[in-house]
Structure formats: structure tokens, C-alpha cells
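Just below is one structure, and these are the notes that go with it.
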DNA sequence: GACATATATAGCGAAAACGCTATATTGTGA
DNA sequence: TCACAATATAGCGTTTTCGCTATATATGTC
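Residue numbers (the numbering used here), protein chains in the order written: chain A, 2 to 117; chain B, 2 to 117.
In C-alpha cells:
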């Protein structure tokens, strides 16, 4: 019974959000939604170097977003909790709302050049 | 018609998530869900110093999460887009799922001491 | 034991975030 | 014009990210 009760939702949520605030990590997380994967598979799927992949995975594992299971020399990483899965559901919902045009956000990348 | 089409959802989303990955900023955002507020009100509500408050607001404004409106010497900040509002809805849904016990996440704060 | 495979870890430099103190800017009213 | 109120900005030191290269570790195979 870990007593985390005095830590507010904001502390917890912000920590998770921060950990997901990286494009490659988001891609990894989404990839893992279909189930556990080895480091090698993740690496090839996302297109990252081996150390970078490993570092992102470890980063998220330390923050309890991922866990892993070992089998011989292979490491299978997977989503650590239903909460993360719930969050991913939310993300997908937001994504759809964006892509359908239901909502939009103006110029998250204002540095984007037009016609160059 | 800004052409952001070649920038994937992951880039956009991660940028927003990163910006929200801070407890005080989350609090601010949630506070603004009820409508626009002056810097002073936000500052008092969240309990931050004036410069810190201003900096967080500017940080989020630069990332197009907030916008402001000026009236005399007062600055009214408010949520910049429906997408952000949608995201907040998702957050609330996740929050409820956490608090109701429907989902949980184990030890996001492992450094938390027990009985000390 | 030699070697390959799969993955983790260390170390490093550049960049960004963070919180703080001090100061500048701008509008308002006497 | 002077002073005040509301807010922004600058500058600084510390910490955290980030991506990279190089190396270590552990397991399986011959």
C-alpha cells in the first residue's frame, strides 16, 4: 500500500505528460499499443539507433510508463498500466478530432516556412 | 492556409504534451477551462510568484496553447483552441478513471518515502 | 573458450527547462 | 509630471534533456 495519496493528480499527470512529450517516445508508445515488442523491433519500426531506442525505453520505464520482460537475450517492452492505455485512448480520440477537422490548433509550429 | 500537413501528429502532439508536462502549468490550464483570467488572478489561484506565473503563461502562449487579450494594464489569458479544450476533456476523463480506481498506475513516484 | 547477437550503460557536449532576483514597460489616476 | 498597479523581460546558475560514440554485459552457439 504505497501512500501516494498526498500527491495530487497534477503532479502525477504532469510527470506522465512530460515523459510522453517527445515525438519518438509517442511513436514507441503507440507501437506498443498492439502488444509487447523487443527493442530490435521497436528500433526498426521507428527507425532509431540502438542506443537511442534503449535510452527512450529506459526513460519511460523509470517513469513507470513501460515495463519489460526478459527472455534469453531479448527484452520485451510493454505498456505498464491500464492508465497509460486509457491515456492512449484519449490521445487517439484527440487525434481523430484533429484530423476530422472537428478541432484544430493554429500554428503549433510557427517557424514552419511556407513555400521554400 | 498554413501548410503543416507534412508535420505528423506525433510532432504536434508531443510538443503540446511537453508544454503541459508541468504541474503548475496543468493547474493553470485547468483553471482557465472556466474562462479567461488575468495574470493576477491566476497567480493568486495557483499560488505562484508574479514572474513565474508570467513565464509559464508566456511559455504556453509561445506554443499556442494560450492566447491573451489586453485591457488597459491587465492581460486576460485564455485557452487558444478547441483542440486544447478537447485535450483537457480527455485529461478529465483520465483523471476520473484514475480516481474511481478503474485504472491505476503503480508508483509514478517511487522515490516517495513510506513512514518518515 | 571464441564469437555473434541483443541490449544496456557510460561519458560527453550542446541545448533547453526551471526558479529566482532584479529591472523594465505600459497604462492610469491624482 | 509623479507615483502606482499590472505585467513583462533580462540575466544567471543549476538541473534535465538529448543525441551521439564508445564500451560493457549477458546469453546462445559452435
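In this text, a Cβ means the ideal position worked out from N, Cα and C, and glycines have one as well. Just so you know, these numbers come straight off a predicted model, no measurement behind them.
Looking at B:102, B:30 and B:8, the one whose alpha-carbon comes closest to that of residue 60 (chain B) is B:30. Within the model, the alpha-carbon separation for residue 105 (chain B) versus residue 72 (chain B) is close to 44 Å. Interface residue (Cβ-Cβ distance to chain B less than 7 Å): residue 104 (chain A) is classified as such.
Nearest CB-CB separation between residue 79 (chain A) and chain B: not below the 7 Å threshold. Judged by DSSP in its simplified three-state form, residue 54 (chain A) adopts helix. For residue 70 (chain A), the enclosing beta strand (DSSP E) covers residues 67-72.
Contact annotation: residue 15 (chain B) and residue 48 (chain A) have beta-carbon atoms that are not nearer than 7 Å. Less than 7 Å divides the Cβ of residue 34 (chain B) from the Cβ of residue 89 (chain B). With respect to the 7 Å criterion, residue 58 (chain B) and residue 78 (chain B) are classified as neighbours on the basis of their beta carbons. The residue from B:11, B:96, B:84 and B:38 with its alpha-carbon nearest to that of residue 75 (chain B) is B:38. In this structure, residue 10 (chain A) lies near residue 96 (chain B), with their beta-carbon atoms less than 7 Å apart. With respect to chain A, the C-beta atom of residue 23 (chain B) has a partner C-beta closer than 7 Å. In terms of beta-carbon proximity, residue 82 (chain A) lines the interface with chain B, with at least one pair separated by less than 7 Å. In terms of Cα proximity to residue 24 (chain A), the closest of B:24, B:25 and B:20 is B:20. Membership of residue 21 (chain B) in the alpha helix (DSSP H) is indicated by the continuous run 10-21.
Burial of residue 82 (chain B) is indicated by the presence of at least 16 other C-beta atoms within 10 angstroms of its C-beta. Between residue 18 (chain A) and residue 67 (chain B), the gap from beta carbon to beta carbon reaches 7 Å or more. Residue burial is scored here from C-beta neighbours: residue 63 (chain A) has fewer than 16 other C-beta atoms within 10 angstroms and is therefore classed as exposed. Contact of residue 98 (chain B) with chain A is assigned, a C-beta pair being separated by under 7 Å. CA-to-CA, the gap between residue 70 (chain B) and residue 55 (chain A) works out to about 45 Å. Per DSSP, reduced to three states, the secondary structure at residue 89 (chain A) is helical.
For residue 79 (chain A), the beta-bridge partners assigned by DSSP are A:68. Put simply, of A:101, A:86, A:92 and A:99 the residue whose alpha carbon is nearest the alpha carbon of residue 103 (chain B) is A:86.
Going by C-alpha positions, residue 42 (chain A) is about 32 Å away from residue 94 (chain B).
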